[in-house]
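**Q**
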Amino acid sequence: MENQDIVLQIKDLQLVRDERAILRGVNLTVRRGSVHVVLGLNGSGKSTLAYTLMGCSGYTPDAGTLILDGVDITKMSITERARLGLTLAWQEPARFEGLSVARYLSLGMKAPDMARVRQALEAVALDPATYLSRYVDESLSGGERKRIELAAVYAMQPKLAILDEPDSGIDALSLDDIAALIHRMAEEGTTVLLISHRDEVVAMADAASLICEGRIVDSGDPAWVCDRYTHCCEPCDRREIVEEEVAYA
Amino acid sequence: MPDQPVPRHSPRPPQARSDFEAILRAYERSGGNPEFLKSSKIASLIISGNTVLGLNRLPGISAEAETLPDGVRIRLQIAPGARFENPIHLCFGVVPAEGVQRILADFDIGAGAEVEFMAHCTFPNAMQVQHIMEGKIHVGPGATMRYKETHYHGETGGVEVLPKAQVTVDEGGKYFTEFNLSQGRVGRMEFDYVVDVGARGLAELTAKALGYGDDEIIVRETIRLNGEYARGLAKSRIAVRDHARSDVYGTTEGNAPFARGHVDCIEIVRGHAVANAVPIVKVTDDRAMVTHEAAIGAVGKKELETLMARGLDEETAVDVIVRGMLGE
Numbered sequence: 002m003e004n005q006d007i008v009l010q011i012k013d014l015q016l017v018r019d020e021r022a023i024l025r026g027v028n029l030t031v032r033r034g035s036v037h038v039v040l041g042l043n044g045s046g047k048s049t050l051a052y053t054l055m056g057c058s059g060y061t062p063d064a065g066t067l068i069l070d071g072v073d074i075t076k077m078s079i080t081e082r083a084r085l086g087l088t089l090a091w092q093e094p095a096r097f098e099g100l101s102v103a104r105y106l107s108l109g110m111k112a113p114d115m116a117r118v119r120q121a122l123e124a125v126a127l128d129p130a131t132y133l134s135r136y137v138d139e140s141l142s143g144g145e146r147k148r149i150e151l152a153a154v155y156a157m158q159p160k161l162a163i164l165d166e167p168d169s170g171i172d173a174l175s176l177d178d179i180a181a182l183i184h185r186m187a188e189e190g191t192t193v194l195l196i197s198h199r200d201e202v203v204a205m206a207d208a209a210s211l212i213c214e215g216r217i218v219d220s221g222d223p224a225w226v227c228d229r230y231t232h233c234c235e236p237c238d239r240r241e242i243v244e245e246e247v248a249y250a
Numbered sequence: 105m106p107d108q109p110v111p112r113h114s115p116r117p118p119q120a121r122s123d124f125e126a127i128l129r130a131y132e133r134s135g136g137n138p139e140f141l142k143s144s145k146i147a148s149l150i151i152s153g154n155t156v157l158g159l160n161r162l163p164g165i166s167a168e169a170e171t172l173p174d175g176v177r178i179r180l181q182i183a184p185g186a187r188f189e190n191p192i193h194l195c196f197g198v199v200p201a202e203g204v205q206r207i208l209a210d211f212d213i214g215a216g217a218e219v220e221f222m223a224h225c226t227f228p229n230a231m232q233v234q235h236i237m238e239g240k241i242h243v244g245p246g247a248t249m250r251y252k253e254t255h256y257h258g259e260t261g262g263v264e265v266l267p268k269a270q271v272t273v274d275e276g277g278k279y280f281t282e283f284n285l286s287q288g289r290v291g292r293m294e295f296d297y298v299v300d301v302g303a304r305g306l307a308e309l310t311a312k313a314l315g316y317g318d319d320e321i322i323v324r325e326t327i328r329l330n331g332e333y334a335r336g337l338a339k340s341r342i343a344v345r346d347h348a349r350s351d352v353y354g355t356t357e358g359n360a361p362f363a364r365g366h367v368d369c370i371e372i373v374r375g376h377a378v379a380n381a382v383p384i385v386k387v388t389d390d391r392a393m394v395t396h397e398a399a400i401g402a403v404g405k406k407e408l409e410t411l412m413a414r415g416l417d418e419e420t421a422v423d424v425i426v427r428g429m430l431g432e
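Residue numbers (the working numbering), protein chains in the order written: chain A, 2 to 250; chain B, 105 to 432.
Below, the structure is given as structure tokens:
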């Protein structure tokens, strides 16, 4: 693979939290323009990988290198990473009292564009007339909040979007809708790193990787990785001893 | 003796014209739309210092304004059953750098009436200004009163604001008030509202303020749920930074069967600021229930990092969160 074809390269990424090794040498290459799925059981280190990639506090790697579009971002702040084109749709997005959906979606855009905001809401099957003036607060259901999170990422037009379990929770987008959204993102040049424990998501992937106990254990053809996940991980008798993933606080 | 009201279109002497224009400009800076104060279709009252610059009544509104040495006494009555297409606009201000303005307000909302007030208090040049508001408010049976007050104090911190109100909400009445002081320096503010709520009545008090420099914010919100099924919410949203200080005392009493009340206080602290919250809940009837929540601290990490992941720097992200919380 040529360097210009690679949008993200993770080399030997290690993270220890509370004296526990959560990421134990992750190596992963994500091709530009692809939809790359990272599959793994609960507690395998998926979300930790997402927070570490984004640069969240408490997720500073103990070792390893992160290269985004040829730039070493390992020591960069969240803001610097975001300005280079990396963003994250949280599995359980934060809520903001008094912040309207319209404003929230505009925050990540290079220039405010209400047409783009409307387009982003439509892309997650929300009616702009209903949602633009609502607040990104407790009045939204968990599913509505997740859709708005995805809309915000879409509106931002990042180089690489990390989507952490975008389909989980009641009232969340269906897999078909997520596939349609990812297709639209790809058309606009966004590479997607999709993190999930559901093997169905590989249907929308160009590439897939399997994460287990903080390591990428397989990467390649989505169908093959899915098969490994279904036949090796799900029945794995070691899953009980897999350390619990550190919840994002 | 009550002053003669100043009709909107009456010729004003040159000094009054100048004051009127100055207060309109200040009103605009505090977020008001001066056109509302000029419209004959919108009820309004404009007071600069102790001078009534404008008073526009509409059918259903009875209003008197009496000049005091250091302020104005207002008596305002809303006729029973009255409804209005637009809010009543109030503008209080002191344009010079120094002065005292004492507003003694007596509002009586007739049974079944529905009325909304939009008040703007503006002290754009204040170096040493004291604004005292002593309100006596009666919301009649089945009536609804909404009162929103926004302040603009300039940037020197030379204002002392003492809004104080005693409110009575009769059976089935509803009273909503929102006080917002988040533009310019606070100076010193001591907000003190006490509301007595009758059977099936409702009271919601919200105080929002942003303090910096050496601003001092004291909020006392007291709701006494005295009638059956009375409901109340005492809510405050305060943000302080630098060396500012905030003290919030939210009190709700459940004194009658099936009364329901809640105290909800959030304070965000940055720098060397100090925040103190004292939610007080008191129940004297075993069928009443009152709850409270208070959170003081820095901006939440997850909220902050979510906005930073959109490309905002930390300071801007904090500002967006705080401004959102304060309803701007």
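Every residue, glycine too, gets a C-beta built ideally from N, C-alpha and C. Quick caveat: nothing in here was measured; it's all calculated off a predicted structure.
Taking the alpha-carbon of H242/B as reference, which of I213/B, G185/B and P267/B has the nearest alpha-carbon?
**A** Checking every option, the nearest Cα to that of H242/B belongs to I213/B.
**Q** Within 10 Å of its beta-carbon, does S144/B have 16 or more other beta-carbons around it, so buried, or fewer, so exposed?
**A** The residue in question, S144/B, is exposed, as its Cβ has fewer than 16 Cβ neighbours within 10 Å.
**Q** For K47/A, does the count of other Cβ atoms within 10 angstroms reach 16, so buried, or fall short, so exposed?
**A** K47/A should be labelled buried.
**Q** Compute the distance between the beta-carbons of I321/B and M293/B, then report whether it is under 8 Å.
**A** Yes. Within cutoff.
**Q** In chain order, which continuous runs of the alpha helix (DSSP H) of length 4 or greater are located wholly inside the segment 106 to 154 of chain A?
**A** Whole alpha helix (DSSP H) segments, 4+ residues: 115 to 124 and 129 to 132.
**Q** Within the continuous alpha helix (DSSP H) that includes I74/A, where are the two ends?
**A** Counting along the chain, I74/A falls outside any alpha helix (DSSP H), and DSSP gives it neither H nor E.
**Q** DSSP state of A311/B, grouped into three classes?
**A** Residue state, collapsed to three classes: strand.
**Q** Helix, strand or coil: which one does DSSP assign to P223/A?
**A** Residue state, collapsed to three classes: helix.
**Q** Over the uninterrupted alpha helix (DSSP H) stretch that includes I146/B, give me the two end residues.
**A** Segment: none, I146/B is in no alpha helix (DSSP H) and carries neither H nor E.
**Q** Roughly how many angstroms separate the alpha carbons of A147/B and Y131/B, rounded to a whole number?
**A** Cα-Cα distance, rounded: 16 Å.
**Q** In three-state terms, what does DSSP make of S152/B?
**A** In this structure, S152/B counts as strand in the three-state DSSP scheme.
**Q** Three Cβ pairs or more, each shorter than 8 Å: is that satisfied between the segment 80 to 91 of chain A and the segment 28 to 40 of chain A?
**A** No contact exists between the segment 80 to 91 of chain A and the segment 28 to 40 of chain A.
**Q** Any Cβ of chain B within less than 8 Å of the Cβ of W225/A?
**A** Closer than 8 Å: no.
**Q** Compile a chain-ordered list of the residues in the segment 400 to 419 of chain B whose CB is closer than 9 Å to at least one CB of chain A.
**A** Cβ contacts with chain A come from G404, K405, K406, E407, L408, E409, T410, L411, M412, A413, R414, G415, L416, D417 and E418.
**Q** Among the residues of its own chain, which have a CB less than 6 Å from the CB of Y60/A, if the five just before and after it don't count?
**A** For Y60/A, where only same-chain residues beyond five positions count, the Cβ hits under 6 Å are Y52 and T53.
**Q** Below 8 Å on the Cβ atoms is my guess for A152/A versus L174/A; work out the distance and round it to an integer in Å.
**A** That belief does not hold up - the Cβ atoms of A152/A and L174/A are roughly 10 Å apart, past 8 Å.
**Q** Looking only at its own chain, which residues have a Cβ that is under 6 Å from the Cβ of P223/A, when we skip the five neighbours before and after it?
**A** Closer than 6 Å at the Cβ level, and outside the excluded window around P223/A, lie V203, A206 and A209.
**Q** How many Å lie between T80/A and L194/A at the Cα?
**A** Cα to Cα, T80/A sits roughly 19 Å from L194/A.
**Q** Is D107/B helix, strand or coil by DSSP?
**A** Annotation note: pLDDT 44 at D107/B (below 50); position unreliable, coordinate value reported separately. Reduced to three states, the DSSP call for D107/B is coil.
**Q** Report the residue from Y105/A, Y136/A and A162/A whose alpha carbon sits nearest the alpha carbon of D70/A.
**A** Among Y105/A, Y136/A and A162/A, the Cα nearest to that of D70/A belongs to A162/A.
**Q** In chain order, what residues of the same chain have a beta carbon less than 7 Å from the beta carbon of G170/A, not counting five sequence neighbours either side?
**A** Closer than 7 Å at the Cβ level, and outside the excluded window around G170/A, lie G143, G144 and K147.
**Q** What span of residues does the alpha helix (DSSP H) with L266/B cover, start to end?
**A** That residue, L266/B, is in no alpha helix (DSSP H); its beta strand (DSSP E) goes V263 to V273.
**Q** Run through chain B and tell me which residues come within less than 9 Å of S197/A, C-beta to C-beta.
**A** Ordered by position in chain B, no residue passes the 9 Å Cβ test against S197/A, which lies about 19 Å from the chain.
**Q** State the DSSP-derived secondary structure class of D207/A, mapped to helix, strand or coil.
**A** DSSP places D207/A in coil when its eight states are reduced to three.
**Q** Near A122/A, what residues of its chain come up, given a Cβ to Cβ distance below 6 Å and the 5 sequence neighbours on each side ignored?
**A** With the sequence shown as reference, residue 122/A is identified as Leu, and Ala is not the correct amino acid for it. Excluding positions up to five away in sequence, the list reads P129, Y132 and A152.
**Q** Would G358/B and V301/B be called neighbours here (beta carbons separated by less than 8 Å)?
**A** Result no, Cβ atoms of G358/B and V301/B do not sit closer than 8 Å.
**Q** How would you write the range of the beta strand (DSSP E) that L100/A sits in, first residue to last?
**A** L100/A -> no beta strand (DSSP E), and no H or E assigned at all.
**Q** Considering only residues of the same chain and omitting the five flanking positions on each side of L180/B, which have a CB-CB separation below 6 Å?
**A** Contacts found: A167 and F211.
**Q** Just checking: is the beta-carbon of I212/A within a distance shorter than 8 Å of some beta-carbon in chain B?
**A** Output row for I212/A: interface = no.
**Q** Is the Cβ-Cβ distance between L50/A and L24/A less than 8 Å?
**A** For L50/A and L24/A, yes; Cβs fall inside 8 Å.
**Q** Using a Cβ cut-off of 7 Å, pull out every chain B residue sitting near R25/A, in sequence order please.
**A** Under the 7 Å cutoff, chain B gives no residues; its nearest Cβ is about 24 Å from R25/A.
**Q** Let's test the definition: count the other Cβ atoms within 10 Å of the Cβ of C234/A and tell me whether it reaches 16, buried, or not, exposed.
**A** Buried is the call here.
**Q** Output the distance between the C-alpha atoms of I7/A and A230/B, rounded to the nearest integer angstrom.
**A** Taking the straight line joining both Cα atoms gives about 60 Å.
**Q** Could you tell me whether the segment 303 to 314 of chain B touches the segment 333 to 345 of chain B, where touching means 3 or more Cβ pairs closer than 8 Å?
**A** As far as the Cβ criterion goes, the segment 303 to 314 of chain B touches the segment 333 to 345 of chain B, which means the pair count is three or higher.
**Q** With DSSP as the reference, please indicate the residues paired to F283/B in a beta bridge.
**A** Answer by DSSP bridge pairing, in chain order: E253/B and A311/B.
**Q** If we count the other Cβ atoms within 10 Å of its Cβ and call it buried at 16 or more, is E245/A buried or exposed?
**A** For E245/A, the predicted structure reports a pLDDT of 44, less than 50, and the residue's modelled location is therefore unreliable. A value from the coordinates is still provided. With fewer than 16 other Cβ atoms within 10 Å, it is exposed.
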